[in-house]
Each structure stands twice: as C-alpha cells, then as structure tokens.
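Engineer:
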Amino acid sequence: MDVHKPIQIPREGMLASVRNRRALVADVSPYCSEGEGQIHWVRLEYMDADGSDVDDLIWEREVSCSLLEPTALPPVERSGPMSGHEFDALQRATRWAALSPCLGLGDNSNASIAIFASPCFGAMQVEDFQLVPLPKAVRMPRISLMLADDVGLGKTVEAGLILSELLLRRRIRRVLILCPAALRKQWQQEMQDKFALSFDVIDRSQTHALQKRLGLDANPWRTFPRIVTSYHYLRQPDVLEQFRSACQQPEGTAQLPWDLLIVDEAHNLMPSNFGEDSDLSKMLRAIAPWFEHKLFLSATPHNGHTRCFSGLLEQLDPVRFTQTSDFTPAMRQRIQEVVVRRLKREINALDEHYPTSPNH
Numbered sequence: 001m002d003v004h005k006p007i008q009i010p011r012e013g014m015l016a017s018v019r020n021r022r023a024l025v026a027d028v029s030p031y032c033s034e035g036e037g038q039i040h041w042v043r044l045e046y047m048d049a050d051g052s053d054v055d056d057l058i059w060e061r062e063v064s065c066s067l068l069e070p071t072a073l074p075p076v077e078r079s080g081p082m083s084g085h086e087f088d089a090l091q092r093a094t095r096w097a098a099l100s101p102c103l104g105l106g107d108n109s110n111a112s113i114a115i116f117a118s119p120c121f122g123a124m125q126v127e128d129f130q131l132v133p134l135p136k137a138v139r140m141p142r143i144s145l146m147l148a149d150d151v152g153l154g155k156t157v158e159a160g161l162i163l164s165e166l167l168l169r170r171r172i173r174r175v176l177i178l179c180p181a182a183l184r185k186q187w188q189q190e191m192q193d194k195f196a197l198s199f200d201v202i203d204r205s206q207t208h209a210l211q212k213r214l215g216l217d218a219n220p221w222r223t224f225p226r227i228v229t230s231y232h233y234l235r236q237p238d239v240l241e242q243f244r245s246a247c248q249q250p251e252g253t254a255q256l257p258w259d260l261l262i263v264d265e266a267h268n269l270m271p272s273n274f275g276e277d278s279d280l281s282k283m284l285r286a287i288a289p290w291f292e293h294k295l296f297l298s299a300t301p302h303n304g305h306t307r308c309f310s311g312l313l314e315q316l317d318p319v320r321f322t323q324t325s326d327f328t329p330a331m332r333q334r335i336q337e338v339v340v341r342r343l344k345r346e347i348n349a350l351d352e353h354y355p356t357s358p359n360h
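Rendered as structure tokens:
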C-alpha cells in the first residue's frame, strides 16, 4: 500500500494530517445527516505542541486532511538508501537533540548552579554578560523582568535565551512578542536564525488570509501559539476585541490563556505623567493580566518622570509595584530584583579589567 494514499473514512488509532498538524485519531462516531448523508465526528490528539492538544471536528468538512494506516510501511523500493554522510549527519543531529530531556522538573531555587541548555542550542556566540538575566529569570516562579541594557548590548539575544530556556523546560508554550511595526520581520528572523523558533507575524493581511483559508470565524490569536505583532496594530479597537475573545476561558480555569509576553521598546507603552494615558498604554494594561510571564525590553526605561517609570513597572508586576511619584527604599530594592541594567562603558571596563584570552 502507498503510505501517502489518503483513506476516506477515519478509524480509531490511525494517524491523521489535519490543518498542517500531525495527530492521532482517538475516537470516531458516525452520524446521519439529511443533507450530507453519513458524516463522522472525530476526536484528534495532536502530536506536537503548537496549538491545542485535542480537537473535535467533522471529518467531511475539513480541507486538505489525510489519513495513514498505522501499520503502513513507506515504499522503500522507490528510493535508494541514505548515503553514509547523510546517515552520520542524521545520527549526530539525533544525539544532539537528545541532550535536551527534562530540564528544571525539580527545585529551581539553586539556579546559580543549574544547567542551562539555551546557550548551547542557540546559533550565535553568546557574550558572558548576556547570560546574566537567564538565571535571574529561571529563578522566578512567575517571571517579571525588565531588560534595560544599553543600545547594542543584545537585549534581543537575552530575551531569546530566556524564551528558549523556558520552552526547553516545558514551562511555556504560547508566546506573544509586541514590537514596533518596523521590527516585526527582524524579530521573526532572529528567533528563527538564532534559536530555531518559528513565529507567525500577525497583521491585517495575515488575518484576512487566515479567515479566507479557515473561515470567517478563524481567530489568529487562538490559532497560532507563537506570534509577533505590532503594538500599534493590537491597539486598534476591533483587533483588541478579537484578542479579548480569544482569551476568554471557561469559568474556574486557573491557567492563563498566554504564557509569555515580550514587549520590545517598552518605553513607548509607558503611562503618561499628566493627563490621560495613551492608547498603547491602555492596550498593555488591558492584555497584561492574560500572561503568566512578562519580559519588557527598553534601553531608555526612565524618561525622567518617576510616575511614568513606576507605572510601567506596575504593568510589568502589579503585585510588587504601584504607580507613584516617589520610590520608597523598599520599592528601590524591588526594582533591583526585576530590572537588569548595564551600560556600554561598564561592559568595556570589564573587558579592560578581565581581557579575553586569544585562544578563548
């Protein structure tokens, strides 16, 4: 039997390809419809982590779905065996992938001596100072961290290391990156090139394309698990309402709809010192409660007004901070716990004091 030949009627235990995802058919119930004849209600258990774990659907109404017999073998006679070079490469890749088993299932309190996998799996040279936020974030049960390093010190890399580590430790799954519109493609490309993480860029055209493919009720905020979008796009009333509808959870559900929020150039969403807050600030305040973890990135987090800065910290962590015009000593101590701030001159001074070995 040709393994790629679709089978029309699903059966329990078969492997299915539905909506570009691989799934196992867990249950099938036939029904008789006056207009369509016999149709099949199918429960699928997906085999990846890029969306919902289980889906219930009507098989005959799905587009581009296919089934494979669980015992079918590929037609090996149609292609030659893998070359020795390719087989060795596959073997090395398999061994390398096996190095990320179950990280962080135990106590994270001693994060200073914990093993971190994301620097090893990233496709870039990580500077020593870029590793500082990683243990600080992993040590937090609920991450609220502001990366406020100077321009050019690699805040994107630091955020990517934290994001990748949390994914490897199975602590997060759904991620939203908010950034200026001009940086959307850059964020998507850097996450793919440096961390092998795929993100979908969501805007008006992508939303229309999704609805054209899946139907007018398709919601991109519910469909995609990892998203990059512009905060100017998300602030639009109809888009924000669409996001709200995707975040609605059944009453009594303890789990939040999103796991991690990354806000680049977070100072653009800072509350106002006088008068009414901007639409961007209101948008951030509206969506922040739906995220378990938050990372704010900004090279200029303080605009000279304590009330604005404290308001941004309140949106980052409303438990520790409230908007105020004057910081108490206790609040200043809490700021040290959530803000990572290094200047270029400090890094250059460290390089002069601890010169790098030519063989390093």
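Position one of the sequence shown corresponds to residue 1 (full-length UniProt numbering), numbered consecutively onward. All residues carry an ideal CB built from backbone N, CA and C; glycine is no exception. All values reported here derive from a predicted model rather than from experimental measurement.
Please list the terminal residues of the continuous alpha helix (DSSP H) segment that includes W221.
Structural biologist: It spans P220 to T223 - the alpha helix (DSSP H) in which W221 sits, taken as one unbroken run.
Engineer: Measuring CA to CA, which of R222, E251, A254 and G252 is closest to V239?
Structural biologist: Checking every option, the nearest Cα to that of V239 belongs to R222.
Engineer: Can you tell me which of G275, L261 and G35 puts its alpha carbon nearest to the alpha carbon of V228?
Structural biologist: Among G275, L261 and G35, the Cα nearest to that of V228 belongs to L261.
Engineer: Check whether the segment 167-183 touches the segment 336-348, taking contact to mean three or more Cβ pairs, one atom from each stretch, closer than 8 Å.
Structural biologist: Flag = no, the segment 167-183 and the segment 336-348 do not touch.
Engineer: What is the DSSP secondary structure of D277, counted as helix, strand or coil?
Structural biologist: Reduced to three states, the DSSP call for D277 is coil.
Engineer: Are Y46 and A23 close, meaning C-beta to C-beta below 7 Å?
Structural biologist: Yes.
Engineer: Tell me whether R184 is buried or exposed, calling it buried when 16 or more other Cβ atoms sit within 10 Å of its Cβ.
Structural biologist: Buried is the call here.
Engineer: Residues in its own chain within less than 6 Å of I143 by CB, not counting five upstream and five downstream?
Structural biologist: Cβ neighbours of I143 beyond the five flanking positions: A137 and H293.
Engineer: Which parts of the segment 273-346 are runs of the alpha helix (DSSP H), unbroken and 4 residues or longer, counting only runs that do not cross its ends?
Structural biologist: For the segment 273-346, whole alpha helix (DSSP H) runs of length 4 or above, ordered along the chain, are 279-287, 306-316 and 329-338.
Engineer: If we call anything under 7 Å between Cβ atoms a contact, is F309 one with W258?
Structural biologist: Against a cut-off of 7 Å, the Cβ pair of W258 and F309 comes out as no contact.
Engineer: So, S298 versus A148, is the Cβ gap smaller than 7 Å?
Structural biologist: Yes, the pair counts as a contact, with Cβ atoms nearer than the cut-off.
Engineer: Run through the DSSP bridge pairs and tell me what W258 is partnered with.
Structural biologist: Per DSSP, F291.
Engineer: Considering only the beta carbon of each residue, do R43 and D53 sit closer than 7 Å?
Structural biologist: Taking 7 Å as the Cβ cut-off, R43 and D53 do not qualify as a contacting pair.
Engineer: Here's the rule: buried if 16 or more other CB atoms are within 10 angstroms of the residue's CB, otherwise exposed. What is E165?
Structural biologist: Its Cβ being crowded by 16 or more others within 10 Å, E165 is buried.
Engineer: Please state if the CB of M270 and the CB of R235 are separated by a distance shorter than 7 Å.
Structural biologist: Not in contact: R235 and M270 (Cβ atoms no closer than 7 Å).
Engineer: Under a three-way DSSP split, which group does A209 fall into?
Structural biologist: It is helical.
Engineer: The alpha helix (DSSP H) that contains S164, what's its start and end?
Structural biologist: Residues K155 to L168.
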